[in-house]
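Participant: I'd like to ask some things about the structure below.
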Amino acid sequence: MAEQQFWKGLDEKFHEPEFMQQAGKEFPEELPGFGAKLQQANTSRRDFLKVLGFSVGAATIAASCEMPVRKSIPYLVKPDEITPGIANYYASSYVDGGNYCSVLVKTREGRPIKIEGNNLSQITYGGTDASAQASVLSLYDMHRPRGPVANKKATNWAELDKAVVEKLQAIKAAGGTIRILSSTIISPSLKAAIAKFVEQFPGTELVQYDAVSYSGLLDANEQSFGLRVVPNYRFEKAKVVVSLGADFLGTWISPTEYAYNYGLTRKVSKDNAKMSRHYQVESYASLTGLNADVRVPVKPSEETAAAITLYNLVASKLGGASISGGKLESAYAESLKNAANDLVEAKGASLVISGSNDVNVQLIVNALNQLLGNYGTTIDLTEYSNLRQGNDTAYNKFVADVEAGTVKGLIIINSNPAYNLPKGDKFIEALGKLELTVSLNDKQTETDTLCQFLAPDHHYLESWGDAEPRNGHISIIQPTIDPLFDTRSAGESLLKFAGINQSYYDFIRENWNANIFTKSTGLNLFGHFWDRSVHDGVFTYTPTVTVTEGIIDVAAAGAAALKNVKSGGLEVVMYEKTAIGDGKDTDNPWLQELPDPVSKITWDNYACVSLKFAEANGLDYTADRTRKSYGRTVQTIKLTVNGAEVELPVHIQPGMPDGTIAVALGYGREVVGKAGEVGANVYPFLTKYSNGGQSRYANDASFTVTGNDYKLGQTQTHFSVSDGLNQRGIVKTTTLDEYAHDPAAGNHDRAHVKEQLQTLYGYHEFPGHKWGMGIDLNACFGCGACVVACNAENNIPVVGKKEITLYREMHWLRIDRYYFGNVENPSAVFQPMMCQHCDNAPCENVCPVSATNHSSEGLNQMAYNRCIGTRYCANNCPYKVRRFNWFDYWGADSFTLTGALENNYDPHQMTGDLTRMVLNPDVTVRSRGVMEKCSFCVQRIQEGKLTAKKQGRKLKDGDIKTACQSACVTGAIVFGDVNNPESAATLMSNDERGFKVIEEIHTLPSITYLTRVRNTNDKEQLKAVNLLSNNAMHPLGADAHHTGGEAHGTETPASHDNHSEEGHH
Amino acid sequence: MGSYESPIREPLILGDKDYKQITTDIVRSTQGFPPMAWVIAISIAGSLAAFYFFCVAWTVYYGIGVWNLNKTVGWAYDITNFVWWVGIGHAGTLISAVLLLFRQKWRTGINRAAEAMTIFAVICAAQFPGIHMGRPWMAFFIFPYPNSRGPLWPNFQSPLMWDVFAISTYFTVSLLFWYSGLLPDFGTIRDRSKGKFRKAIYNALSFGWRGEAKHWQRFESLSLVLAGLSTPLVLSVHTIVSFDFATSVIPGWHTTIFPPYFVAGAIFSGFAMVLTLMLITRKVLKLEDYITIAHIEAMNKIILLTGSIVGIAYITELWTAWYSGFIYEWFAFYNRALGPMAWAYYIMMTCNVISPQFFWIKKLRRNLYLTFFLSITVNIGMWFERFVIIVTSLYRDYIPSSWADYYPSWVEVGIYVGTIGLFFTLFLLFARAFPVIAIAEVKSILKSSGAAARVKQKAKDDAMAKGGYAEGGDLAGAHHDVKID
């Protein structure tokens, strides 16, 4: 052994034998207990290792065999765009038939989880509606078609294409023709694809048909102006709006667009105390009607008379030809006179619209607008809307053609005629006669089950596409996730059927290159143009359109319209509900659980009747009936219209005209996901006008009271204002006249209340940020987009109808609807109500474990992990905004069991792996037994603060937007730092109209509401508004003895309202 | 205890008793085969108690959603039952502590059972704060225990937190008081026991009581100390329970009158429950000589007093609500009295305010049947009082859009009825194994308040009236062997 070159000690250096002996051992001394004994042991080291190995292995297997396998696949190569924890936004467009919204899709780790409005859009202006917000959930709908189907058997695309093309060729060879039946198509590329198909199969025609038809409006414009289009209504320019049954804030054509523009004319300020005046003539209580300044309830058969009367009144002033006959006999005729005067006064800046599908009524309305000089100002025919193109005549001809045997093949795109046609329509019979039926629907429908082939379309979030909702406004649909199922774009299917092997993406690009790029200016390369369009989501150009204004023969139109009137007997009007619409989205649990803005009823349709009607027919629900059990129990009726019989629960709806029943369409689906199995289908009730157009009312209906009880899941049970509300300073209203003199009108008690707020304890300091919110009651129309946005953002569970009948809805944000005025014709104030983030929060001090506490930035926050669920906080919340997890709604509980012992509560299959992909990973999913509530979107606040910090700047007002705020198209909700004197929220809280709800109990809420200002000239309404604003000044009011009108346990609602009216007079 | 007592006072022990006889009478119920009535009673009570545990298990398994509470009414049967049981638990301590301090001899006949009732009622009450939680397995969060979470302490501002201390202190002191009072009697039972096993058990239970003078001296001191400790507790417990409501902002809860009103109500319901139990016990266990009409009348007087206090409180609340001019407050009471749940309010008013007024009449105070009926009526009324306060305040408060209804589910009713079963199971076990009357304490008043002593006393008083101190040398008291004709 060579001498060590490096050494640590002399022993080592000189190789002492003892040292050398030790040096080879691991331990310098014998370990106690080992040594010689160990050498002789029976158990060898190998045995020990065997036993050890076995026991560790066994323990591992025993411990792990119960564990569910969690599949998580890390990125091998991380995509550039995706950073875990950081959201990506992609511009796209929500298109469902004629419903359109330009959106930004928020994706996390490749999953679309939230829809935001696209600020670049000049149609929806960054706003959204409830359906667009909820559409992200329908992507993860487990009931979607999962792949191609041929003759009810799953197949593959190659087989399906082969079979379909064979049949198409056979039809072509035999001289038969093909029809494509679709709801309104606003996609230029899909139309181009159809054109390609038509090239291949000449004679093919596209028949567009809308479940709720606007054919009358389109036909009238064709007759008047040579353009079969919906014009662009410029509500923002209208000083006076008269709507004859058009629910333009809820369901009529493009409510988001109209609400934005209309909202601009409804916001008032001290310096600009001006607002539009809105008259609404309608035959049921619509969202728009309850927001109107003057409402005229009429029977559906009287709508024509109302149009004619209004026309004659205006014509007599402006010298137009008059229409004979058809004068409206109504207690509200005075309001029509006022409307006519206002229209004439605002000539050129007024707007008359009608929701009728009778072409003749629409012609009268066109003539009225012509007289008023509204074309070119409030009505624009150049940038017309494409959102409704359905043609009743074309549809009727299609059925006749099938009957005649000339049409042999049918391709269905995004429509469900088997469900939404009137009784007696021959469509289903006709379908049986066809040689080929292919459905390209993206959702399961009644129609699909009758078709030979199902070639399911992508969900819009999975597919490429485009849309031209308005002439000159084109937007892109881009995919935000790989298709979840084996689906294919409808356009691609059509191309395949036509024998073109091109991806739909390439086809769209080609189409844009050829037809749309040419309209762009400034960019030379198509690639740049395409990228910019995809990035922005929208592209606009100035279109050129030739409009030929014709002369409208109003006399003929009036006579024809009157001939079309079906009066006599009980009338039934079919309407659309704001969230459910025509029934396409009926299986979306978020939309079903969104309370109807007017009735506040979820998960059902029902027969709306007036109180008088109910009393006269013994349908009144008595106090005993409501108290029979939980929820609102009502009677049901069997309603017969056109030979179709449907059993419906009765809902007494203030504002319903007498002798009329209103029922919502879109319910009673049979082939649908689980959530859609509610309500009854009243499409069979639809009738037809003499020209074959769809008529959404019927007369000579009959009904029988069944004696059955039915529970309605209603989130706001109180019936009208007669409960002492008019002394409660919860909502405040005033009139425009009063406001013009006195910006604090209707809000005078605020100064007094503020003066009285004394405390021994001092106020809390919020040195950094202090978050606050302002809500303008003038700009909130109650549509509910914010509620669904809040659902999506904050992972709020769907609880189902049963839980709602138990008053257990989970919405963090609700919209309280308070009627005022008399019960025959009330108006309403809509008040978004969520956690008020009180500085003196009553919930906080009562929590025994400090699970709810206050942040240094003024947020009232919840530590879910700490909550033990005593519910004291909810009891002590004066605003009743806290929501408790009664059951394990999300499958988040540690004790969740499945199978026979299932103990989670999931009536709508929201806890499936697929559905849970919609969850926002930034927000905890709450387990059962904990309290939850609005957090002011604390995750967004945090994100906003971090973004500003990373950019090294101060937070600006508007950097942080809560989910409700960003969903709201009218900007009714503002959020910001109230320590910043310039922020919008601060400005609102300092406004003379600003008030806080039940401020006198000194909870110091962080949300300021602005008094609702009404521009009414209706005597009854004025009286009601004055009563409200005057009483607000006196805590006990003038009629204090009526405080508890609804408290009389044994009285019927009828008698309460009589009481309250006595109080008003 | 041999002090002079006016002969017009009614005797508190009837019949010709001596110390031995008292022991025999009272211990009898713990010996031999239990009577059929007891077997039947415990079967029923035991089944109900079992049903209670089933309902609790059901609640914990599926979630509190199996109760019919909602977003607006967050408490109903749970806290109603809690307050009701705590209230019932008041009488025991009042009888044993306050009446001890006031030297009310009539307490001796009933204090043991009343204290037992207190313990069992508090056991029943203590279930509810636990099981009403959404996550009862996290219930330990409410205790201020040292922890590694920061440490994270409970919120000492919360009345629920105060409840934890109030109830646990009350329970501890009551249990000590009750058990220490039992020690000499356990000794007595042990001494009379024949079986070895039985002897050993009672010996252990009596902590080796030998009846030495030192034992008695310590026993008396402890009683006094515990009485002194528990007297403020009688007032504090229900005061603090009332803070659960009084410190809130909810109209109908937010009331300064609550502490005295709740204490009076608690004593009211507690005495009613003592009466219910005593009337059955004295009959079944043949203890009429020890729990006399005089006892019952004395308790009825307290019921009359506290019932009237409660009645005045109700009226004061109404007046205050109106006079305040605060519409929310006024509406809460208007709605209570005339709203859809007014029936509960009228049950409460009738049972609590009107029914005790019968006791102004002496004949009715001494009527066993009426007393029994009214004792149950009062407890029904007091249950409704808490229901009215909790549910009819919550279901229609500030914001009318959130007004709701409340109806109990079968689980809630099951839990309530179940606790009654639990209570009676415990009480029946107690009545079987423990002396239901405090033997030692009853003996202590035999010479002053026994019927025989009273006769002798009267004879002496008569003699004194006639001729001064003719037999005055024997004033110290009657011999226990005096026989009465």
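Keeping their order, the protein sequence lines are chains A and B. Just add 64 to wherever you are in the first sequence, counting from 1, and you've got this note's numbering. Just add 615 to wherever you are in the second sequence, counting from 1, and you've got this note's numbering. Backbone N, C-alpha and C fix where the C-beta goes; we use that ideal spot for every residue, glycine too.
1. In this structure, does DSSP put Lys635 of chain B in helix, strand or coil?
2. Counting only beta-carbon atoms, is Ala775 of chain B nearer than 8 angstroms to chain A?
3. For Arg750 of chain B, which residues in chain A fall below 8 angstroms Cβ to Cβ?
4. Buried or exposed, going by whether 16 or more other CB atoms sit within 10 Å of the CB of Tyr803 of chain A?
5. Helix, strand or coil for Phe894 of chain A? Go by DSSP, reduced to three states.
6. If we ignore side chains and look at the alpha-carbon of each, how far apart do Ile782 of chain B and Phe886 of chain B end up?
7. Tell me, please, which residues DSSP counts as bridged to Gly836 of chain A.
8. Whose C-beta lies closer than 6 angstroms to the C-beta of Ala656 of chain B among residues of the same chain, with five residues either side of it excluded?
9. Since Ser763 of chain B meets chain A, which of its residues come closer than 7 angstroms, beta carbon to beta carbon?
10. List the residues of chain B that Asn858 of chain A touches, going by C-beta distances under 8 angstroms, in chain order.
11. Using 8 angstroms as the threshold, is the C-beta distance between Ala410 of chain A and Lys331 of chain A below it?
12. Would you report the Cα separation of Gln426 of chain A and Gly353 of chain A, rounded to the nearest angstrom?
13. Residues of chain A with CB closer than 8 angstroms to the CB of Val864 of chain B, please, in chain order.
14. For Arg881 of chain A, does the three-state DSSP call read helix, strand or coil?
15. Measuring only between beta-carbons, confirm whether Thr871 of chain B sits less than 8 angstroms from chain A.
16. Please tell me whether Ile976 of chain B has its Cβ less than 8 angstroms away from any Cβ of chain A.
17. Taking 8 angstroms as the CB-CB cut-off, is Arg208 of chain A touching chain B?
18. So that I know if they touch, is there some Cβ in chain A lying closer than 8 angstroms to that of Ala1019 of chain B?
19. For Phe1059 of chain A, which residues does DSSP report across the bridge?
20. Would you list the one or two residues that DSSP bridges to Val304 of chain A?
21. Please list, in chain order, all residues of the same chain as Phe40 of chain A whose beta carbon is under 6 angstroms from its beta carbon, the five residues on each side excluded.
22. Given this structure, state the Cα-to-Cα distance separating Ser49 of chain A from Ala708 of chain A, to the nearest angstrom.
23. With a threshold of 6 angstroms on Cβ separation, who are the neighbours of Arg624 of chain B within its own chain once the five nearest residues in sequence on each side are excluded?
24. So with Cβ pairs under 8 angstroms, would you call Val893 of chain A a contact of chain E?
25. Let me check one thing: in DSSP terms, what residues is Phe767 of chain A bridge-paired to?
26. By DSSP's criteria, Ile443 of chain A is part of a beta bridge. Which residues make up the other side?
27. Between which residues of its own chain and Ala1134 of chain A is the CB-CB distance below 7 angstroms, once the five residues before and five after are set aside?
28. Can you list the residues of chain B that Thr1072 of chain A reaches, using a CB-CB cut of under 7 angstroms?
29. Given a cut-off of 8 angstroms, decide if Ala938 of chain A and Met874 of chain A are closer than it, judged by their beta-carbon atoms.
30. Taking Asp593 of chain B as the reference, which of B:Ile757, B:Val852, B:Met732, B:Ser863 has the closest Cα?
31. Does any residue of chain A have a CB that is nearer than 8 angstroms to the CB of Phe756 of chain B?
32. Are the Cβ atoms of Ala1019 of chain B and Thr687 of chain B separated by less than 8 angstroms?
33. Of all the CB atoms in chain B, is at least one closer than 8 angstroms to the CB of Ile716 of chain A?
34. Use the C-beta contact count for Ala122 of chain A: other C-beta atoms within 10 angstroms, 16 or more gives buried, fewer gives exposed.
35. If you measure from the beta carbon of Asp633 of chain B to each beta carbon in chain A, is any gap under 8 angstroms?
36. Please say whether Tyr936 of chain A and Arg990 of chain A have beta carbons closer to each other than 8 angstroms?
Facilitator: On the basis of the coordinates in this document:
1. Position 20 of the second sequence holds residue 635 of chain B. Three-state result, Lys635 of chain B: helix.
2. Translated into positions along the second sequence, residue 775 of chain B becomes position 160. Residue identity differs from the one stated: residue 775 of chain B is Leu in this sequence, not Ala. At least one chain A Cβ lies under 8 angstroms of Leu775 of chain B.
3. Walking along the second sequence from the start, residue 750 of chain B turns up at place 135. The answer, in chain order, is Cys931, Ile932, Gly933, Ser991, Arg992, Gly993, Val994.
4. Here residue 803 of chain A corresponds to residue number 739 of the first sequence, with the count starting at 1. That one is buried.
5. Your numbering for residue 894 of chain A matches position 830 in the first sequence. The answer is strand: DSSP assigns Phe894 of chain A an E or B state.
6. Locating residue 782 of chain B in the second sequence gives position 167, where the first residue counts as 1. Locating residue 886 of chain B in the second sequence gives position 271, where the first residue counts as 1. Answer to the nearest angstrom: the Cα atoms are 19 angstroms apart.
7. The residue labelled residue 836 of chain A in the question sits at position 772 within the first sequence. Gly836 of chain A pairs with A:Gly1040.
8. The sequence position of residue 656 of chain B within the second sequence is 41, counting from 1. Excluding sequence neighbours, Ala656 of chain B sits near Leu1043.
9. On the second sequence, position 148 is the one that residue 763 of chain B refers to. Simply none; closest approach about 14 angstroms.
10. Mapped onto the first sequence, residue 858 of chain A falls at position 794. Within chain B, no residue comes near Asn858 of chain A; the closest Cβ sits about 16 angstroms away, beyond 8 angstroms.
11. On the first sequence, residue 410 of chain A is found 346 positions in, with the first residue counted as 1. On the first sequence, residue 331 of chain A is found 267 positions in, with the first residue counted as 1. No, these two residues do not count as a Cβ contact at 8 angstroms.
12. The count along the first sequence starts at 1 and reaches residue 426 of chain A at position 362. The count along the first sequence starts at 1 and reaches residue 353 of chain A at position 289. Approximately 19 angstroms between the Cα atoms of the pair.
13. As a first step, residue 864 of chain B is located in the second sequence; it is residue number 249 there, counting from the start. Simply Pro906, Asn940, Pro942, Ile1065, Thr1067.
14. Residue numbering aside, residue 881 of chain A sits at position 817 when the first sequence is read from its first letter. Reduced to three states, the DSSP call for Arg881 of chain A is strand.
15. Here residue 871 of chain B is taken as the residue at index 256 of the second sequence, counted from 1. It does not; no Cβ of chain A falls within 8 angstroms.
16. Within the second sequence, the letter at position 361 stands for residue 976 of chain B. Ile976 of chain B does not count as touching chain A.
17. Stepping through the first sequence from its first residue, residue 208 of chain A is reached at position 144. Output row for Arg208 of chain A: interface = no.
18. Your numbering for residue 1019 of chain B matches position 404 in the second sequence. So yes, Ala1019 of chain B belongs to the interface.
19. Against the first sequence, residue 1059 of chain A aligns to sequence position 995. Paired residues: A:Tyr1073.
20. Numbered from 1 along the first sequence, position 240 holds the residue referred to as residue 304 of chain A. DSSP lists A:Arg341, A:Ser414 as partners of Val304 of chain A.
21. An answer regarding residue 40 of chain A cannot be provided, because it is not within the stretch 65 to 1129 covered by chain A.
22. Nothing about residue 49 of chain A can be reported from this structure: the residues present for chain A run from 65 to 1129 only.
23. In the second sequence, the residue the question calls residue 624 of chain B occupies position 9. Contacts found: none.
24. Included in the structure are the protein chains A and B, with no chain E among them.
25. As a working mapping, residue 767 of chain A is identified with position 703 in the first sequence. In DSSP, Phe767 of chain A forms a bridge with A:Leu703.
26. By 1-based counting over the first sequence, the position of residue 443 of chain A is 379. Answer is A:Tyr297, A:Tyr439, bridged to Ile443 of chain A.
27. Residue 1134 of chain A lies beyond the stretch modelled for chain A, which goes from 65 to 1129, so this question has no answer here.
28. As a position in the first sequence, residue 1072 of chain A is number 1008, starting the count at 1. Those within 7 angstroms of Thr1072 of chain A in chain B number zero; the least Cβ separation is about 17 angstroms.
29. Translated into positions along the first sequence, residue 874 of chain A becomes position 810. Translated into positions along the first sequence, residue 938 of chain A becomes position 874. Cβ atoms of Met874 of chain A and Ala938 of chain A: not closer than 8 angstroms.
30. The question about residue 593 of chain B has no answer, for chain B in this structure spans 616 to 1100.
31. Residue numbering aside, residue 756 of chain B sits at position 141 when the second sequence is read from its first letter. By this cut-off, Phe756 of chain B is an interface position.
32. For the purposes of this step, residue 1019 of chain B is taken as residue 404 along the second sequence, with counting starting at 1. For the purposes of this step, residue 687 of chain B is taken as residue 72 along the second sequence, with counting starting at 1. Yes, Cβ-Cβ distance for Ala1019 of chain B and Thr687 of chain B is below 8 angstroms.
33. The residue you call residue 716 of chain A lines up with position 652 of the first sequence. By this cut-off, Ile716 of chain A is not an interface position.
34. Taking the first residue of the first sequence as 1, we reach residue 122 of chain A at position 58. Result: exposed.
35. The residue you call residue 633 of chain B lines up with position 18 of the second sequence. Not an interface residue.
36. Start at 1 with the first residue of the first sequence, and residue 990 of chain A comes out as number 926. Start at 1 with the first residue of the first sequence, and residue 936 of chain A comes out as number 872. No.
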